[in-house]
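**Q** To start, I am sharing the structure in question, which I have written as structure tokens.
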Amino acid sequence: MDIEKVNSMDFGEFVDVFGNVIERCPVVAAAVWSQRPFSDADDLERHFSAFLDALPVAGQEGILRCHPDLAGRELQLGTLTAESQREQSGAGLTRLGADERLQLAELNAQYRARFGFPFVLAARLSDRAALPRELARRLQCPPEQELRTALGEVKKICRLRLADLLGRDPAPR
Ligand code: 2AL
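Okay, so the sequence shown: first residue is 11 according to our numbering, each after it adds one.
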């Protein structure tokens, strides 16, 4: 899909197509639509990022809370969004042993208790071995730093999902 096609979309089509580049937060796409025309794919991505950066802390935390746990209950139940399912499967999270699942569930619970939002990580840039290590490491971080890190992960997920939709290679960053 090229940028002219994106710029020609009406509101409904744009939100249908881009509504889940920020997980379960179509309001972000709804706001970004008003910023068109976009000069290119990077410009489109910058508008999604800028919206997140401009939110008050409560809004940023709300965005994080819309994310399902990694290897959590929704993966077990099969109720993830298609994008999330693909990302979590690709990272090997559907093939965890019972011990690994339990370890992640405990770390996810500790993280949520400490910071008040779920642990968020771009699963496509990680794997089942790195995940518990990264979770344990970030559990020790100061809350303001952790909010910034988590929001950075939301942006990475957004960049990868946009790249899929636009049929381009995500530039490493
Ligand atoms: C997710 C998800 O669903 N996909 C991804 O890359 N990360 N969730 C999360 N809590 O980080």
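Yeah, the Cβ is synthetic: ideal placement off N, Cα and C, and Gly gets one too.
1) Excluding sequence positions up to five away, which residues of its chain have a Cβ less than 6 angstroms from the Cβ of Phe127?
2) Kindly examine the ligand MG and report whether one of its heavy atoms sits closer than 8 angstroms to the Cβ of Arg147.
3) In chain order, what residues of the same chain have a beta carbon less than 8 angstroms from the beta carbon of Asp179, not counting five sequence neighbours either side?
4) Report the three-state DSSP secondary structure of Glu33 (helix, strand or coil).
5) Ala146 and Leu117: beta carbons closer than 9 angstroms?
6) Is the beta carbon of Leu161 less than 9 angstroms from the beta carbon of Leu62?
7) Using only the alpha-carbon positions, how far apart do Phe48 and Arg96 sit?
8) Taking only the alpha-carbon atoms, compute the straight-line gap between Pro50 and Lys15 and give it to the nearest angstrom.
9) Can you tell me whether Ala108 is buried or exposed? The criterion is at least 16 other CB atoms within 10 Å of its CB, across all chains shown.
10) Is the closest heavy atom of the ligand 2AL to the C-beta of Glu169 under 8 angstroms?
11) Please report the distance separating the alpha-carbon of Pro66 from that of Leu157.
12) Closest to Trp43 by C-alpha separation, out of Asp12, Val27 and Lys166, would be which residue?
13) Assign Asp79 to one of three DSSP states: helix, strand, or coil.
14) Check whether the Cβ of Glu163 lies closer than 8 angstroms to any heavy atom of the ligand 2AL, and answer yes or no.
**A** According to the data block:
1) Glu71, Leu74 and Arg75
2) Although the ligand MG was asked about, the structure shown includes only the ligand 2AL as ligands.
3) Ala173
4) coil
5) yes
6) yes
7) 28 angstroms
8) Rather than Pro, the amino acid found at residue 50 in this sequence is Asp. Distance from the CA atom of Asp50 to the CA atom of Lys15, rounded to whole angstroms, is 11 angstroms.
9) By the neighbour-count criterion, in which a residue is buried when 16 or more other Cβ atoms sit within 10 angstroms of its Cβ, Ala108 is exposed.
10) The residue asked about is misnamed: residue 169 is Arg in this sequence, not Glu. No.
11) 12 angstroms
12) Comparing alpha carbon positions, the residue from Asp12, Val27 and Lys166 closest to Trp43 is Val27.
13) coil
14) Flag set: Cβ of Glu163 near the ligand 2AL.
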